[in-house]
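Protein chains in written order, with the numbering used here: chain A, 5 to 119; chain B, 3 to 115. Here a beta-carbon is modelled for each residue, glycine too, at the ideal position from N, C-alpha and C.
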């Protein structure tokens, strides 16, 4: 069973461009979480999705950021008109439905650099 | 609401010495606690989790953590450090259900030969 897959692993964008980050959850996992890790910081929650539904987006910036998890295909985190402050590592995690002890399995992350 | 405080952004120990990484939590509901490890340029790997079955939790790679409700702590320990333990360690808490994890800022562990 392959783990959580994220691509690309590294992404370089110039200010004003769009960044698209992809996350394929583990097989059988229907819950996806996106986290952002800024330098010298822990991971901060951004958004929690189930297939075709956004469950909690309380951690998402109000503008330029959006996320989806379609019925088919990977979850996508989109950042429009990127700025230097968006440079960070973005991690996706997936889990099965279940209780509070359910482990979230993390992908290797996408490291976004905005020039 | 939940929050986590990890005391010490950087801990350095000698190979073979005791490892102690501190984590204090705040939670308005019974907490679900986790320790994750992150190696350079890698994702996070679960070390252990508190499931309320026992206050002393054993994890992978010889690590263990003790849940102390009176101290709101969940410190991570390992009796003897190995060079391969050098990594970033994150304590995390969540509320009930499939709620997101709330992470501490992390502690970078260095192991000196």
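Please go through the same chain and pick out, in chain order, the residues whose beta-carbon is closer than 8 Å to the beta-carbon of residue 59 of chain B, but skip the five residues on each side of it. Numbered from its first residue, the second chain carries residue 59 of chain B at position 57. These residues qualify, in order along the chain: 50, 51, 52, 53, 66, 67, 68 and 69.
Whose C-beta lies closer than 8 Å to the C-beta of residue 79 of chain B among residues of the same chain, with five residues either side of it excluded? Sequence index remark: in the second chain, residue 79 of chain B carries index 77 (1-based). Contacts found: 20, 21, 22, 23, 65, 66, 67 and 68.
Beta carbon of residue 94 of chain B, beta carbon of residue 13 of chain B: below 8 Å? As a working mapping, residue 94 of chain B is identified with position 92 in the second chain. As a working mapping, residue 13 of chain B is identified with position 11 in the second chain. No. Outside cutoff.
Pick out whichever of B:82, B:62, B:99 and B:72 has its Cα sitting closest to the Cα of residue 1 of chain B. Within the shown structure, residues of chain B are numbered from 3 to 115, placing residue 1 of chain B beyond reach of any answer.
Strictly under 8 Å for the Cβ-Cβ distance: is residue 100 of chain B near chain A by that measure? Here residue 100 of chain B refers to the residue found at position 98 of the second chain. Yes, contact with chain A.
For the segment 16-35 of chain A, which residues have a beta carbon sitting closer than 7 Å to at least one beta carbon of chain B? 35
Any C-beta of chain A under 8 Å from that of residue 80 of chain B: Taking the first residue of the second chain as position 1, residue 80 of chain B is located at position 78. For residue 80 of chain B, the answer is no, since every Cβ of chain A falls outside 8 Å of its Cβ.
Along the segment 79-94 of chain A, where does the CB come closer than 8 Å to a CB of chain B? Name the residues. none
Looking at chain B, is there any beta carbon in it that lies within less than 8 Å of the beta carbon of residue 107 of chain A? Looking up residue 107 of chain A in the first chain gives position 103. Judged by the 8 Å Cβ criterion, residue 107 of chain A is in contact with chain B.
Of the residues A:111, A:119 and A:116, the one placed nearest residue 10 of chain A, counting alpha carbons only: Here residue 10 of chain A refers to the residue found at position 6 when the first chain is read from its first residue. Checking every option, the nearest Cα to that of residue 10 of chain A belongs to A:111.
Report yes if the C-beta distance between residue 54 of chain A and residue 33 of chain A is below 8 Å; otherwise report no. Sequence index remark: in the first chain, residue 54 of chain A carries index 50 (1-based). Sequence index remark: in the first chain, residue 33 of chain A carries index 29 (1-based). Cβ atoms of residue 54 of chain A and residue 33 of chain A: not closer than 8 Å.
Can you tell me whether residue 86 of chain B is helix, strand or coil according to DSSP? Along the second chain, read from residue 1 onward, the residue named residue 86 of chain B stands at position 84. Helix, per DSSP.
Enumerate in chain order the residues of its own chain whose CB-to-CB distance from residue 11 of chain B is below 8 Å, with the five nearest sequence positions on each side excluded. Against the second chain, residue 11 of chain B aligns to sequence position 9. Within the same chain, residue 11 of chain B has close Cβ partners 107, 108, 109 and 110.
Should residue 115 of chain B be listed as close to the ligand MN, given that the test is whether its C-beta is under 7 Å from any heavy atom? Of ligands this structure carries none, so the ligand MN is not represented either.
Buried or exposed: where does residue 29 of chain A fall if 16 or more other Cβ atoms within 10 Å of its Cβ makes it buried? Start at 1 with the first residue of the first chain, and residue 29 of chain A comes out as number 25. Residue 29 of chain A comes out buried.
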